[in-house]
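**Q**
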Amino acid sequence: MATLDQRKDEAIERTFKQVSKYFEEVFEKLVPAGRGRLIMQKNIDETQETQMDDDEVGAVDRYTGVAIKVSFNSKVDEGLRIQQLSGGQKSLVALATVFAIQKCDPAPFYLFDEIDANLDAQYRTAVASMIHELSTTAQFITTTFRPEMLQRADKFYGVLFDNQKVSSIRSITKQDAADFIDHETMVQ
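Reading the sequence shown from the start, the letters are residues 1 to 188 in UniProt numbering.
Set out below in structure tokens:
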């Protein structure tokens, strides 16, 4: 049993280190002027640890969670916790986390619904580029009302409604998609 626990602990630590490394890389691509880190939080209840032998307390039992610290404007700044970020910044951190996990253990496809809605234009462009880069190992299906996501996309589909309010999907050109987004932007 101890051997299994040790293997489990090693696998979790190895996976965390890998995801953490990829998170830093992905965040730097999305926010070139910034820095992002994942930090494993440790159990600070010393009495619990001292009451058990080290063999009884696995490495995983000493961890309580993962903290995220990011800076959007400095590579040396200590960084902000997730609770201190704006909605768009939180969205970008969440996407960086998903992309970091995807680099470790890719799923065959991802379905993203308006993930760029809260992002500034520069970050929408960076996310579109990241999706394009990662699309060599997985399929990404995204919905958007923003033009930046169209720039790196390979295929475009439009959802049309007929008089009976029945929707249908058809393949459209990049220009059709851009025209639709331009029209939607003017209407709002």
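Virtual Cβ for every residue (Gly too), placed ideally from N, Cα, C.
Check the DSSP bridge columns for V66 and list the partner residues they point to.
**A** The sequence position of residue 66 within the sequence shown is 66, counting from 1. Its beta-bridge partners are M40.
**Q** What residue range does the alpha helix (DSSP H) around F23 cover?
**A** Counting from 1 along the sequence shown, the entry for residue 23 is found at position 23. Segment 2–30, the alpha helix (DSSP H) holding F23.
**Q** Is the distance from the Cβ of S71 to the Cβ of R35 below 8 Å?
**A** Position 71 of the sequence shown, counting from 1, holds the residue named residue 71. Position 35 of the sequence shown, counting from 1, holds the residue named residue 35. Cβ atoms of S71 and R35: closer than 8 Å.
**Q** Could you give the uninterrupted runs of the beta strand (DSSP E) lying entirely in the stretch 115–171, keeping only those of 3 residues or more?
**A** Taken in chain order, the unbroken stretches of beta strand (DSSP E) that lie wholly in the stretch 115–171 and span 3 residues or more are 139–143, 156–161.
**Q** Less than 8 Å between the CB atoms is what I'm expecting for L38 and M130, so what's the real figure, rounded?
**A** Along the sequence shown, read from residue 1 onward, the residue named residue 38 stands at position 38. Along the sequence shown, read from residue 1 onward, the residue named residue 130 stands at position 130. Not really, about 17 Å apart at Cβ, beyond 8 Å.
**Q** Which stretch, first to last residue, makes up the alpha helix (DSSP H) that contains D182?
**A** Counting from 1 along the sequence shown, the entry for residue 182 is found at position 182. It spans 174–187 - the alpha helix (DSSP H) in which D182 sits, taken as one unbroken run.
**Q** Go ahead and pull the three-state DSSP assignment for F99.
**A** Working through the sequence shown from its first residue, we reach residue 99 at position 99. Helix, per DSSP.
**Q** Are the stretch 113–125 and the stretch 153–166 touching, with three or more C-beta to C-beta distances below 8 Å?
**A** With the cut-off at 8 Å, the stretch 113–125 and the stretch 153–166 do not touch.
**Q** In terms of residue numbering, what span does the beta strand (DSSP E) encompassing F112 cover?
**A** As a working mapping, residue 112 is identified with position 112 in the sequence shown. For F112, the enclosing beta strand (DSSP E) stretches over residues 109–113.
**Q** Can you check whether the CB of Q41 is closer than 8 Å to the CB of Y63?
**A** Reading the sequence shown from its first residue, position 63 is the one you call residue 63. Reading the sequence shown from its first residue, position 41 is the one you call residue 41. Cβ distance < 8 Å, so Y63 and Q41 count as in contact.
**Q** Hey, Q89 and F109: beta-carbon distance below 8 Å or not?
**A** Position 89 of the sequence shown holds residue 89. Position 109 of the sequence shown holds residue 109. Q89 is not a Cβ neighbour of F109, given a cutoff of 8 Å.
**Q** Going straight from the alpha carbon of T97 to that of N163, what length do you get?
**A** Counting from one through the sequence shown, the residue named residue 97 turns up at place 97. Counting from one through the sequence shown, the residue named residue 163 turns up at place 163. Whole-angstrom Cα-Cα distance: 42 Å.
**Q** Ordered along the chain, which non-local residues of its own chain (more than five positions away) have a Cβ less than 7 Å from that of E24?
**A** Start at 1 with the first residue of the sequence shown, and residue 24 comes out as number 24. So the qualifying residues of the chain are G36, R37.
**Q** Taking a contact to mean a Cβ-Cβ separation below 8 Å, would you say I101 touches V159 in this structure?
**A** Residue 101 sits at position 101 when you count from the first residue of the sequence shown. Residue 159 sits at position 159 when you count from the first residue of the sequence shown. Not closer than 8 Å, so no.
**Q** Counting C-beta neighbours from all protein chains within 10 Å, is the total for E148 16 or more, i.e. buried, or is it exposed?
**A** Mapped onto the sequence shown, residue 148 falls at position 148. E148 should be labelled buried.
**Q** State the DSSP-derived secondary structure class of S71, mapped to helix, strand or coil.
**A** Mapped onto the sequence shown, residue 71 falls at position 71. Three-state result, S71: strand.
**Q** Could you give the DSSP three-state label for L80: helix, strand or coil?
**A** As a position in the sequence shown, residue 80 is number 80, starting the count at 1. Three-state DSSP puts L80 in a strand.
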